[in-house]
Amino acid sequence: MAPQLTVKGPEQRRHGGHSSNSGSSRANKEARYPMQLQISRSRREQDADSTYRPDIKPTDAVGSQFEPVNVPDRDFLVRQPLPPTPLQLFQQFLPEELVERWVHYTNEAPAPEPGAGAGPAAQSGRYHRQDHWKPTSIAEVYIWLGILIYMTLHKEYRYQDHWKASAADNLIPSHPIIQLMTFDRFFLLKRRLRIYDPDYVEIGVPAPFNKVNEWSYHIMETGVRLVEIGSIIGIDEGIIGFKGRSRHKVTIKTKPTPTELQVWALATRGYLLQWYWHQPGPEYGPIGIETIARARAVAMAPDNSLNEGSDDGSDDGSDEGSDEGSDSIIFSSSSEDSADEEALDIKASEEPLEEIPTQMMEVISTAKLPPLNPTQAVVIALVNKLPEGTYHVFLNNLFSSPDLFKALRILGIRAAGTCCTNCGLYRDIVIAKENDRKGKELWLWRRICSWPTPDNKVGNP
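Under the UniProt record's numbering, the residues of the sequence shown are numbered 1 to 461, in order.
Dropping the structure here:
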């Protein structure tokens, strides 16, 4: 009998396929606002990738007085008490029940046929490791992971070099891991260990990201549960070291390791809280931003309402409005994958987080989020994964534009960041920047000026 294949939508959690409504993320508490993904007012960072940067002409419209968002300061705190030992703390992020599933996935996998190894040893009928496979256990998987962590701290040229023994004419370090596991067994587990259910299909998440999401979701949930997030957060792209072959590797020449895997991450004080995978090539790179949102928008919208689109421009003073057409899709700005698929189970702190000001809630109830490109939309999605509260997010010029800052303000989020001159700024700012760059009008040190958007909601210092 063929194995049962499980297909689950983006609103269903991995464990049991149930929609989780017990979390206290912003996406669960706030209303949902229609928003467009739009790429016509953006440009690709590079032709081979799908990271977009704002590309909006300067505007001549300007406001009178910037009205800042008040975000009370909150310190980043670690919830106490933490587990008493480092191992127990590690098991918060990798619990035994999760490893038990890995053991089940691994032991239930089809065993290789005898003599099915690769290379000259297999072809000649000599010894090869695959013929000596035996089922693994929870304890052995933990030991294997410990050895893997040890190898990242005590590097050798090859894996097998950790098991080499000293000779009279060649004295080399002796690693204690050789007492815990043989190299053949380590290599077999490295090849055969499964950390995903092969009979499970996650809609909107391509391979290989679907193979790590079960653990990834748990790490994010645990990371938020163990801390009280302060008011200051930051969002940026990140690079994950990866030396293997993959079509998902990207090249960013400005990074210390330019060719690796890319993620979109939210962090505070150097502590990663939430992230999205990045898939190079397709039009919408951040995994889940477009696919999950489209599915939820279709499920929630009245008949044919998604075909109507949005008529509003993104900024009263912008030279270019919101373009409707094949480059725009409607989706829910509250990032439904964070509301249902990854709802966080957060224990309430002794002192509740500051609520969104009443005047801000009045704005939220009637506002419509402006169109954003997919790279900017990942900022909204990441922020909406956090527990309810007000935050001050810091960004770089890859994301910054008046449209994004206005969208964040509507959601009760204060934002600050560097920006480029082609992100829809007031024209006098662009001219002053160009003159300063050319040495025509040197900008005095510590001189600060601000030109707000026409609604006075976004300041352009």
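Beta carbons: idealized from backbone N, C-alpha and C, even for Gly.
Note that the coordinates shown come from a computational prediction; the quantities given were computed from them, not determined experimentally.
Kindly identify the DSSP beta-bridge partner or partners of residue i.
i, result
"P258", "Bridge partners of P258: none, in fact."
"W277", "V263"
"G234", "A267, F394"
"T251", "T259"
"N170", "A167"
"T59", "Y426"
"Y196", "DSSP output for Y196 lists no bridge partner at all."
"I413", "Y391"
"A227", "Looking at the sequence itself, residue 227 is Val, so the reference to Ala does not match. V78."
"L272", "A267"
"P54", "S42"
"L372", "L37"
"I239", "Q262"
"P286", "H278"
Here's the rule I'm using: 16 or more other beta-carbon atoms within 10 Å means buried, otherwise exposed. How should residue i be labelled?
i, result
"Y196", "buried"
"residue 463", "An answer regarding residue 463 cannot be provided, because it is not within the stretch 1 to 461 covered by the chain."
"P387", "buried"
"A415", "buried"
"A377", "buried"
"N435", "exposed"
"D199", "exposed"
"A445", "First, the amino acid is wrong: residue 445 is Trp here, not Ala. Looking at its Cβ environment, which holds fewer than 16 other Cβ atoms inside 10 Å, W445 is exposed."
"Q179", "exposed"
"H128", "buried"
"D403", "buried"
"V78", "exposed"
"R14", "Low confidence applies to R14: its pLDDT is 43, below 50, so where it sits in the model is not reliable, and the reading given next is rough at best. Counting Cβ neighbours within 10 Å, R14 comes out buried, since at least 16 surround it."
"G439", "exposed"
"F405", "buried"
"I39", "buried"
"L37", "buried"
"V379", "buried"
"L171", "exposed"
For residue i, which of the options has the nearest alpha-carbon?
i, options, result
"Y142", "L87, I431, P81, C420", "L87"
"P256", "Q179, P452, I240", "I240"
"N422", "I252, I289, D55", "D55"
"R74", "I147, G230, R41", "G230"
"L442", "F183, G238, A432", "A432"
"R245", "G238, V393, T259, N460", "T259"
"residue 466", "Y426, L444, R446", "With the chain running from 1 to 461 in the structure shown, residue 466 is simply not present."
"K134", "W163, L189, P95", "L189"
"L369", "S401, A381, L408", "L408"
"S401", "D428, H392, N384, L372", "L372"
"K457", "I413, K438, D428", "I413"
"F183", "C449, S42, E100, K164", "K164"
"I289", "H104, I203, K253, T254", "I203"
"T254", "S137, Q130, R194, Q46", "Q46"
"I429", "R191, R43, T59, S42", "T59"
"N384", "I235, I252, G285", "I235"
"E100", "I252, G223, K155, R194", "R194"
"D181", "I147, K211, A167", "The sequence shown places Met at residue 181, not Asp. The option with the nearest alpha carbon to M181 is I147."
"W264", "S40, A381, R79", "A381"
"F399", "H392, Y391, P374", "P374"
"G238", "W275, G223, V205, K211", "W275"
"H154", "S174, A167, S166", "S174"
"L273", "F242, V379, G223, G285", "G223"
"P72", "W144, V201, H392", "H392"
With a threshold of 6 Å on Cβ separation, who are the neighbours of residue i within its own chain once the five nearest residues in sequence on each side are excluded?
i, result
"F209", "W277, I287"
"N397", "T418, C419, C420"
"V250", "D49, Q262, P280"
"L411", "none"
"I219", "F93"
"N107", "P135"
"I252", "P258"
"W144", "L189"
Quick one: what's got a C-beta closer than 7 Å to residue i's C-beta in the same chain, skipping five residues either side?
i, result
"G248", "As written in the sequence, residue 248 is His, which differs from the Gly given in the question. Counting only Cβ-Cβ distances below 7 Å, and skipping sequence neighbours, we find L261, Q279, P280."
"S450", "F66, G459, N460, P461"
"L98", "W215, H218"
"V205", "N213, I287, G288"
"T152", "none"
"S42", "Y52, R53, P54, D55, N373"
I'd like the list of long-range same chain contacts for residue i, defined as Cβ closer than 8 Å, with 5 residues on each side in sequence excluded.
i, result
"F76", "V227, E228, I229, G230, I232, T268, R269, Y271"
"F394", "I232, I233, G234, I235, A415, A416, G417"
"residue 462", "Past the edges of the chain, shown from 1 to 461, lies residue 462, and the structure says nothing about it."
"P68", "R414, G459"
"A111", "W133"
"S137", "V103"
(message) Does the structure place the segment 147–159 close enough to the segment 179–187 that three or more beta carbon pairs sit under 8 Å?
(response) yes
(message) Does the contact criterion of 3 or more C-beta pairs under 8 Å hold for the segment 89–102 versus the segment 212–219?
(response) yes
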